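One structure below.
Numbering (this note's numbering), first residue to last: 3 to 334.
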C-alpha cells in the first residue's frame, strides 16, 4: 500500500529501512504517485518510534489510527507529496489521544496540534448520512505515504493513491474484523494487489460524493486471510462511528459532512469554500490528554488476560511503520 492501497496507503516510514526487493517507488500497491495539491489534507504523522498517515479534519486536528499513539508523534506535515523533501506545511503535535480500549474497539486516535495549519482546507468527515448508500462494490480512494511492496519491505516517503472496491461494507465477514464493533464499525476494501501497507496506518479512505471526496475511513490493519503482508485487502474504521468521540475528545470544531451542497467548482480534492471550521484555539480545549487506556494495579483477571491476547493479535496486523515491527508484522 503506498502505505496506501490497502486502505489508505500511508503512514510513511519515519525511518529509512533497507530496500531489498522493494517495488518501483513510483507505484503504490496497485496505485500511482499523487499529483501535487490533490490531497493536501492527507498528512504524514512522524514520531520518535516511527510514522503513520492521517487526515486533517480541522485546522488543528488530525485523525489517525489508535495504534499510531505508539509512535509518539511529534510532528505532522500537510500539503506534501514527499515528506522528506522541501515544501509542505509542518505542525507540531500538542497531544494524541487513542480511543479507549482501541485494541478491541475503534482503532483511531485524535491528534491536536499546537497551532492551526494555514492554507489547507480540512477534509469533511463522513457521518451517518454519508454512509446511507454505502455498499459492497463502492469505489474508494486509498491514499498514503506507506510502502509499495506486497512483502512490506523497502522504503518510501512519497504520497501514493489507488482506487479500490469495498468488499465488506460493514465488516460482518470476520477475517480480522473486531467482533465488539461488528457489524458496522469497520469496512473492508482492496485486495488482489491493491492495498495499503506499512506506513499507511491512520491514513484516509476517500469516497466521492456530490460534495466532493469525503474521508470515510482510517487505515487500521490487513486481513487475516492475506497471503502477503500487504496487497490482500485492508480493514478500515468507519468515521461515522467515531465522529462524536473525535469532537468531544479534541474539544474542537470538526468539519462534518452534512450531505448538503454540491461538487467544488474545480472538481478536485479540496473542499468547497465555506466549509472551513474556525481557526485558532477553541475555548473548550482543556489541555493535553495522552492515551486511551488505563492501567490497573490489581492482579490480572481472566478478562484482562484475554484482552491482552487479542491486543497482541491485532498488533501483528497493523500498518504503521516503526523501528522494530515494520519488516515483520502486518501493522500498518
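All residues carry an ideal CB built from backbone N, CA and C; glycine is no exception. Here the structure is a predicted model, which means the values were calculated and not measured.
Report the rounded CA-to-CA distance for residue i versus residue j, giving the unit in angstroms.
i	j	result
residue 124	residue 185	29 Å
residue 224	residue 177	9 Å
residue 25	residue 60	Residue confidence is low: residue 25 scores 33 on pLDDT, short of 50, so the model does not pin down where it sits. Its coordinate-derived value is still stated next. Rounded to the nearest angstrom, the two C-alpha atoms are 35 Å apart.
residue 212	residue 260	12 Å
residue 127	residue 43	12 Å
residue 51	residue 72	7 Å
residue 142	residue 204	15 Å
residue 258	residue 158	31 Å
residue 161	residue 75	19 Å
residue 83	residue 34	12 Å
residue 312	residue 69	Because residue 312 carries a pLDDT of 36, less than 50, the predicted location of this residue cannot be relied on, and no value is offered for it.
Out of the options, which has the shortest C-alpha to C-alpha gap to residue i?
i	options	result
residue 238	174, 230, 158 and 260	174
residue 193	139, 215 and 35	139
residue 134	161, 112, 163 and 172	172
residue 121	148, 93 and 68	93
residue 86	209, 147 and 250	147
residue 170	188, 103 and 33	188
residue 49	116, 36, 89 and 98	98
residue 88	95, 217 and 79	79
With respect to the alpha helix (DSSP H) encompassing residue i, which residues constitute its N-terminal and C-terminal limits?
i	result
residue 245	245-252
How is the beta strand (DSSP E) around residue i delimited, first residue to last?
i	result
residue 46	44-49
residue 77	75-80
residue 161	Element bounds for residue 161: n/a, residue is neither H nor E.
residue 85	Note, residue 85: premise wrong, no beta strand (DSSP E); not H, not E.
residue 189	188-191
residue 339	One cannot answer for residue 339 here, as it falls past the ends of the chain, which runs 3 to 334.
residue 65	63-66
residue 54	52-60
residue 216	216-224
Please report whether the beta-carbon of residue i lies at a distance below 8 Å from any beta-carbon of chain C.
i	result
residue 195	Going by chain labels, chain C is absent from the structure shown, which holds only one protein chain.
Can we count residue i as close to the ligand SAM, meaning its CB is less than 7 Å from some heavy atom?
i	result
residue 262	Absence of the ligand SAM is noted for the structure shown, with no ligands found whatsoever.
Take every Cβ of the segment 190-204, pair it with every Cβ of the segment 143-158, and state whether three or more of those distances are shorter than 8 Å.
Three or more Cβ pairs closer than 8 Å define a contact, and the segment 190-204 meets that threshold against the segment 143-158.
Ranges of the beta strand (DSSP E) found wholly within the segment 99-155, counting only runs of at least 3
Runs found: 111-115 and 141-146.
contact_flag[the segment 242-249, the segment 225-233] where n(CB pairs < 8 Å) is 3 or more:
Cβ pair count under 8 Å is below three, so no.
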